[in-house]
Structure formats: structure tokens, C-alpha cells
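These notes concern the structure reproduced below.
Numbering (mature numbering (1 follows the signal peptide of the UniProt record, and there is no 0)), first residue to last: -21 to -1, 1 to 507.
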């Protein structure tokens, strides 16, 4: 190989734009533009030629032809006999949109045109990949927020983008997911609403059954996408996992035309885990102060953070400013608690976001994100009092009263009971707003009963209250009840007979007007 050939190969590796491999045009003379302010054209020859053999000439309609300076020829890696010639237009003034551009390749020595082409620069777009400027978790578990910037900002509204992402773990056999990001006038997803405060064991309230309505259990949705002006929000990902992601662009096919550009360099992001895993529960007792608690691992340290946000429907560009949640003071004389607590002041005009950071005894760091909520959706009420009486053998009539009458119709209850010496509880859920319940139990048995309540209405919602103190009940047997009724009846009859025997002067019989006999009282009034 001659010495100039080595220089050719070196120049090709250093100067060839990465977009060359993406060009799929069937034209002998191929051209593309990355920003619509530049233009690169190239063609291939089977053999190398002395310097100055070829010229690439171009001209707009009605103008004199000009020569585009050629880069040093490149040796194609796929064939040792293929030589590529390339020209990058030197100045922005030479690239015009919506104007026909005439190009042709000329062999100077033979004074012969080898190939020619007429094109519009706005039809050969192959955009450079966007620059990912931010990739972070969203406002809810399993959300990923991405922001990017197009290389040519003035043309960004005429591009569409494609996102490719996948789990970072190499052991995960799931292939990458590719989504096309379509621009929309509004990016408000219907499913983005602040959820009620997560509770340690929160379940839906029992509702009166209605025809035609079915209750669906909550499940994690499939990944969905929301896009607006250089940012997108992916939901439905696995909380606590790491992901890689890439972007590429293509003209929208309306104002500008072309093909997909190359993928951007991969960016990685670690999503926080779901705070449900650590049993996060937030509540307020006075609509002013919020208390959050979560399960604490042995020999681990944790810290809670919060921030308030306006109820925007779309992801915001700037990062949230997290504030520390004030830890609850612990008594040093007591054993370490399995539950950590913190509290902060809040307000009712903004959404509350909670983040918990945990450092294990081994030094591993984990973060957990809670679902956003309103303070009036995290109201915890006091424990209701349970009252009972046995109306018949084994049948109990239960009554309770809501501590706040203003929310009686927005409160649901859970009643649980178990036999004496047993640990398996049976749970009943009376209808929303119920103030009592009838319970059928086994006669001549002992039971423990407990009651708890929570708000679940259109105005106020919240987690479950603590269970009430156990109420111990001993049901009477059927034979005992029958005997009591018999004794009561005989006692009443005996009492009447004793009255008749002790005071005979006060009672006598006389015939009535129709010949019937009536009982009348003897006394001074009777003789008148």
C-alpha cells in the first residue's frame, strides 16, 4: 500500500461524520443535513484517483456554479477497493431551505460529469441526536422524567423524537423498549392525580352494591408516555431499578423531511423505590401539621424529606427543593423503635411529596418515593368507641358513634373479632357511614371485638385509625336464656296470685250489662 493510502485511511477515521452510516438513500450522490444550516454530500468510487481528479459543483437556480472543497478521500472499511469522497459545505450562507440545489460530480481530467442530482435541503434532514440534559425520577414511584435540547433550537418544533430505554442490569433479559414521542398541545395525563396518603394496611371502604358497577383492584400500569416541548414523562416503570436511555430525532414530515438520525450517547438514571416497601404512612390530626412514619430496619439510619408543589398537570423543568422533615425525639432510655417518625408544617393549597433516604448498616444507600397527596386526603381521626348488647343468644347489636358528626357520612369502619385464645381475626366492613351492625356469634362462647375508622369521602380522606381497645364478650347459651324466660314468666304469675290472696277485699266479680262478669275494685267509690 502506498504511503498516501495510509494517510487516506487515517483521514477517513478522523474526519468522517458519524451520520454517514445512517444515510440510506439510493442516489449515487448522497446528501444529508444535521441542523438544516449545514449540508454534507459524498459519493463512492471503486479506485483511488490522484488529488484534483474530481470536483463537486453546486448551484442554486439562476446562479453560477461553485466548487465545494473535498475532504481527503476515505478508504471504505467494507471493501479495500472502495474510496469515499466527501464535501461539507463551508458556510451557513451556502445552505438555503426551500430552494432547489443542483449538484454534480465532475472528472476534471476528462472534463466529464459523472453524476448529478437536484435536491432541497429541507428534504434531506438527518438530525443530530438531542442532548439529554436531565434524567431523573418523576413525582410518583415508577416515573422517569427526561429533558433534552435539540442542537438547532430554532428547528426543534419541526422534529419528532424516539426514545429507547431498558434496564441497566445485564442479567435482565428484557430487550430495549422503543417509543416514538409525538408532540401534543397538552401533556396533562388523566391518570396524574395526587393519591391519598399511603397507609400501612389501607384498603378501600366497603360501598353499597350498585348494579352495573364493578370494583377493579389497583395494578401497576404498563409504561405510558407524556411529551411536551423538550421533555417527557414515562410512567409504569419498576421503582428502585436503574435504566439506560437514548434519544434520536427525525423531521416531522410536514415542514421538514428526512430520516432518523443516530442515537444519542446512553444516559443512566436510578429510580427511587416505592415507599410502600417501607410502609410509609403520612397523616394529619389538625390539617396543619403532617406526621410521616415508616418501618425502620435494625442498625439503619433514615431521614425524611418533603416539598410542596402546585398541582401542575405536567412535569416541571426545574428540580424540586427538598426540605428536611423534623425527626421525632426519641427517649434514650427506651429500646430502638421499629418505626421512624418525622413531622412538618403543611398547607392546604399544594401537593405534598415525600422522600425517605435509608442508609443500611453495611453502608448501602436507598431512596424511597411516596405518592403525592393533599393534606385533606391524609386526615386521621380518633378511634371510635364500641358499644354492644346481646339481644338474643349469640346475637349482638353493636353501636358506635363518630367522634366528629360533620364527617359521619364520609367515614367507613372495620370491625374484627376472634374467639378467646385464637389469633385469626375475622374482619367485617359495614357500608360507608354505618353507625351500627348486628353480629351473629356462637352461643356460650367468648370473643374479643375491635373497631377502627377512616375518612373516605369526596372532601376528606385518610388512613385508618388505631384499633379500639378489645371488648370482651361472653354470649349466653340457648338453655340458659330459655330458663330465664320461664323463671321470669312463673315469677310474674305467682306475684299476681299473691296479690289476689293478700288483698281479696279490693277485687270482686259482678255481672256486666250483657251478662258478662267483670272485675271491679271494691271501695268507697263502688258503693256510690
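Where is the CB? At the ideal position from N, CA and C, for every residue including glycine. Bear in mind the structure is a predicted one, so any value in this text is a computation, not a measurement.
Check: Tell me residue 11's beta-bridge partners as DSSP assigns them.; Outcome: 19
Check: What residue range does the beta strand (DSSP E) around residue 246 cover?; Outcome: 246 to 249
Check: Output needed for residue 67: all residues of its chain with C-beta closer than 6 Å, excluding positions within five of it in sequence on either side, in chain order.; Outcome: 19
Check: Would you mind sorting residue 105 into buried or exposed? The rule is 16 or more other CB atoms within 10 Å of its CB.; Outcome: buried
Check: Within its chain, find whatever has a CB closer than 6 Å to the CB of residue 548; leave out the 5 residues flanking it on each side and keep chain order.; Outcome: Outside the displayed span of the chain (-21 to 507) sits residue 548, for which this structure offers no information.
Check: Compute the distance between the beta-carbons of residue 109 and residue 228, then report whether it is under 8 Å.; Outcome: yes
Check: Measuring only the C-alpha atoms, how far is residue 151 from residue 247?; Outcome: 15 Å
Check: Give every residue of the same chain whose Cβ lies closer than 7 Å to the Cβ of residue 319, excluding the five residues on either side of it in the sequence, and list them in chain order.; Outcome: 272, 273, 275, 281
Check: Identify whether residue 278 lies in helix, strand or coil by the three-state DSSP scheme.; Outcome: coil
Check: Rounded C-beta distance between residue 450 and residue 428? I'm assuming under 8 Å.; Outcome: 5 Å
Check: Give me, in chain order, the residues of the same chain whose beta-carbon lies closer than 6 Å to that of residue 357; leave out the 5 immediate sequence neighbours on both sides.; Outcome: 176, 261, 262, 263, 441
Check: Mind reading off the beta-carbon distance from residue 213 to residue 347? Whole number of angstroms is fine, and I expect it under 8 Å.; Outcome: Contact flag wrong, Cβ pair sits at about 19 Å.
Check: Locate the beta strand (DSSP E) running through residue 331, then write down its first and last residues.; Outcome: 330 to 338
Check: Could you tell me the alpha carbon to alpha carbon distance between residue 168 and residue 299, rounded to whole angstroms?; Outcome: With a pLDDT of 40 at residue 168, under the threshold of 50, the modelled position of that residue is not reliable, and no figure is offered here.
Check: List the whole-angstrom C-beta distance separating residue 447 from residue 327, where the pair is believed to meet the contact cut-off of C-beta under 8 Å.; Outcome: Not really, about 29 Å apart at Cβ, beyond 8 Å.
Check: Residue 24 and residue 62 - do their beta-carbons sit closer together than 8 Å?; Outcome: yes
Check: Does the Cβ-Cβ distance between residue 141 and residue 223 come in under 8 Å?; Outcome: no
Check: Counting C-beta neighbours from all protein chains within 10 Å, is the total for residue 190 16 or more, i.e. buried, or is it exposed?; Outcome: For residue 190, the predicted structure reports a pLDDT of 34, less than 50, and the residue's modelled location is therefore unreliable. A value from the coordinates is still provided. The residue is exposed, with fewer than 16 neighbouring Cβ atoms inside 10 Å.
Check: Does the separation of the CB atoms of residue 22 and residue 84 fall below 8 Å?; Outcome: yes
Check: Given 8 Å as the limit, is there contact between the stretch 328 to 341 and the stretch 402 to 415, that is, 3 or more CB pairs closer than that?; Outcome: no
Check: State buried or exposed for residue 15, treating a residue as buried only when at least 16 other CB atoms are found within 10 Å of its CB.; Outcome: buried
Check: Please classify residue 225 as buried or exposed, where buried requires at least 16 neighbouring CB atoms within 10 angstroms.; Outcome: buried
Check: Nearer than 7 Å: is that true of the beta carbon of residue 341 relative to any heavy atom of the ligand GDP?; Outcome: Ligands displayed in this structure: none; no statement on the ligand GDP is therefore possible.
Check: Mapping the DSSP letters down to three states, classify residue 134 as helix, strand or coil.; Outcome: helix
Check: Quick test of your reading: residue 305 and residue 322, contact by CB under 8 Å. State the CB separation rounded to the nearest angstrom.; Outcome: 6 Å
Check: Just verifying my parser: in three-state terms, what is the DSSP assignment at residue 442?; Outcome: coil
Check: Provide the residue span of the beta strand (DSSP E) that contains residue 95, from first to last.; Outcome: 91 to 99
Check: According to DSSP, what are the bridge partners of residue 62?; Outcome: 24, 54
Check: Give me the residue from 369, 408, 154, 243 with the minimum Cα distance to residue 130.; Outcome: 243
Check: Is it right to say residue 41 is buried, meaning 16 or more other beta carbons lie within 10 angstroms of its own, or is it exposed?; Outcome: exposed
Check: On the three-state DSSP scale, how would you describe residue 300?; Outcome: coil
Check: Name the residue from 360, 349, 389, 422 whose alpha carbon lies nearest to the alpha carbon of residue 371.; Outcome: 422
Check: Could you give the DSSP three-state label for residue 474: helix, strand or coil?; Outcome: helix
Check: Tell me which residues share the same chain as residue 159 and place their Cβ nearer than 6 Å to its Cβ, disregarding the 5 neighbours each side in the sequence.; Outcome: 141
Check: Taking just the CA atoms, how far does residue 378 sit from residue 394?; Outcome: 11 Å
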